[in-house]
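Asker: Residue numbers (the working numbering): 904 to 1235. Here a beta-carbon is modelled for each residue, glycine too, at the ideal position from N, C-alpha and C. Before I ask anything, here is the structure I am working with.
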Amino acid sequence: MDWAKLGFSYRKTNYNVRCYYRNGSWGELEVHSEETIPMHMAASCLHYGQEAFEGLKCYRCKDGKVRLFRVADNGRRMASSSEYLQMAVLPVERFIEAVHKVVSLNEEFIPPYESGASLYIRPFLIGTGAQVGVKPADEYLFVVFVSPVGPYFKGEGEITMCLEHTYDRAAPHGTGHVKAGGNYGASLTAYVESHKNGFDGVIYLDPKEKKYIDEVGAANFFGIKEGTYVTPESPSILPSITNKSLCAIAEDMGLKVERRHIPYQELDTFEEAGACGTAAVITQINNIFDPQSGKTYKFRTGADTWSHKLYQRLVDIQHGEAEDKFGWVTTL
Ligand code: PLP
Ligand code: COI
904 MDWAKLGFSY
914 RKTNYNVRCY
924 YRNGSWGELE
934 VHSEETIPMH
944 MAASCLHYGQ
954 EAFEGLKCYR
964 CKDGKVRLFR
974 VADNGRRMAS
984 SSEYLQMAVL
994 PVERFIEAVH
1004 KVVSLNEEFI
1014 PPYESGASLY
1024 IRPFLIGTGA
1034 QVGVKPADEY
1044 LFVVFVSPVG
1054 PYFKGEGEIT
1064 MCLEHTYDRA
1074 APHGTGHVKA
1084 GGNYGASLTA
1094 YVESHKNGFD
1104 GVIYLDPKEK
1114 KYIDEVGAAN
1124 FFGIKEGTYV
1134 TPESPSILPS
1144 ITNKSLCAIA
1154 EDMGLKVERR
1164 HIPYQELDTF
1174 EEAGACGTAA
1184 VITQINNIFD
1194 PQSGKTYKFR
1204 TGADTWSHKL
1214 YQRLVDIQHG
1224 EAEDKFGWVT
1234 TL
């Protein structure tokens, strides 16, 4: 495997781990090597979107250990997504056990230290019970697979984005705050159109008033100005575990932290802007184009930025090279 050349795509590994919910209870964890899932054609995930997923990474570190970042938080978020979509809730301990198991079984696919790649872990939960009426299924399947991945965004670690005035990924009181597959299906037209127009993706505005910054595609937004880390407060964005971590790190590094509405015109006053998430880590934004006004907002990028300092500290904690004072990291 040419680890350094990996992009963010699916690669076959040896095993995945599954757990079925039937007759009102969860079964044992099962190890599978096939990549397909047999299921009823009327499964609720196929028709009514009973699907939620998670994304986290593990890292092979300098000391030879394998580290996971905030896995329990992903387990809790999956539980809250499951509750919102009226699906069976997998206990967080079982979630963690499944993640540990799938990583151990596929250890040979964890990219080497300093390769720039990591092992992406994709847990998901689907309604498998047959339903023709619109109501929750009575059977569910939880699966975790892994795939070695490189950077999410192509290019030199900087992206150019476009403000999205037309499409929303989620409704004002909808599913934006949970990790439902449907949100991503709803984002594909905006994604494809933005790429056709030469951008790396879109920045969604709040779906109610279209005034405030919501999300950067599949990542949270942050901006830096006057020694302050500013990130949106919104009921329609996913509560990013990376962003929560960056808020704590920023404060620890002496930045002020504000979680609040960000009117998009305020972009003019930001010195730096970025996208943060498990897949994106921190990706610096160099330009944001507003098709409505024709204006391009420009931001500082590169190594001499707060964004880079935050990135470095986050990655060092994830690799066991900076003190884990918040207790985020577990070893396998
Ligand atoms: N926002 C969206 C829509 C996402 O899909 C993700 C990815 O999980 C994030 C934000 C970042 O969340 P996290 O940092 O927990 O990966
Ligand atoms: C992640 O950051 O883990 C994501 O889920 C983003 C995307 C690949 C859906």
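Using DSSP with H/G/I as helix, E/B as strand and the rest coil, what is G1126?
Answerer: G1126: strand per DSSP, three-state reduction.
Asker: Name the DSSP beta bridge partners of Q890, please?
Answerer: Nothing about residue 890 can be read from this structure; the chain reaches only from 904 to 1235.
Asker: Looking only at its chain, what residues have a beta carbon closer than 7 Å to the beta carbon of S936, apart from the 5 residues adjacent to it on each side?
Answerer: These residues qualify, in order along the chain: N917 and Y918.
Asker: Could you check how far apart the C-beta atoms of L1158 and T1131 are, in whole angstroms? I think they sit under 8 Å.
Answerer: Indeed, because the Cβ distance is near 6 Å, the residues count as touching under 8 Å.
Asker: Which complete alpha helix (DSSP H) runs does the region 1078 to 1105 hold, if anything under 4 residues is left out?
Answerer: List check, alpha helix (DSSP H) in window: 1084 to 1088 and 1091 to 1099.
Asker: For the ligand COI, I want to know if T1181 counts as a neighbour, meaning its beta carbon is within less than 6 Å of at least one of the ligand's heavy atoms.
Answerer: Yes.
Asker: Need the endpoints of the beta strand (DSSP E) that S984 sits in, please.
Answerer: First-last for S984: V974 to Y987, but that is the alpha helix (DSSP H), not the beta strand (DSSP E).
Asker: Any heavy atom of the ligand PLP closer than 6 Å to the CB of N917?
Answerer: It does not: the Cβ of N917 is nowhere closer than 6 Å to a heavy atom of the ligand PLP.
Asker: State the start and end residues of the unbroken alpha helix (DSSP H) segment that holds V1006.
Answerer: Note, V1006: alpha helix (DSSP H), V995 to L1008.
Asker: When we look at the beta-carbon of F1173 and count the other beta-carbons within 10 Å, is it buried (16 or more) or exposed?
Answerer: Burial call: buried.
Asker: Can you give the beta carbon distance from M990 to A955, rounded, assuming they're within the 8 Å contact cut?
Answerer: Contact holds; Cβ gap of about 7 Å.
Asker: Quick check on the DSSP output: what are the complete beta strand (DSSP E) runs of length 3 or more inside the region 924 to 961, in order along the chain?
Answerer: You should have 933 to 935 and 954 to 956.
Asker: Just the Cα atoms here: how many angstroms apart are S976 and I999?
Answerer: Just to set this straight, residue 976 is Asp in the shown sequence, not Ser. Approximately 10 Å between the Cα atoms of the pair.
Asker: Who are the near neighbours of R914 in its chain, counting only those whose CB is closer than 6 Å to its CB and skipping five residues on each side?
Answerer: Once the five neighbours on either side are set aside, the close Cβ partners of R914 are S1050 and P1051.
Asker: Roughly how many whole angstroms lie between the Cα atoms of K1198 and E933?
Answerer: Cα-Cα distance, rounded: 54 Å.
Asker: For A1073, verify whether its CB is less than 6 Å away from any heavy atom of the ligand COI.
Answerer: Incorrect: A1073 has no Cβ contact closer than 6 Å to the ligand COI.
Asker: Going straight from the alpha carbon of K1114 to that of H1080, what length do you get?
Answerer: Whole-angstrom Cα-Cα distance: 18 Å.
Asker: Among E1112, G1032, L949 and E1096, which has the Cα closest to the Cα of H1164?
Answerer: Taking only the C-alpha atoms, the option nearest H1164 is E1112.
Asker: Taking 7 Å as the threshold (C-beta atoms), are H943 and A1033 in contact?
Answerer: It is a contact, given that the beta carbons lie within the stated cut-off.
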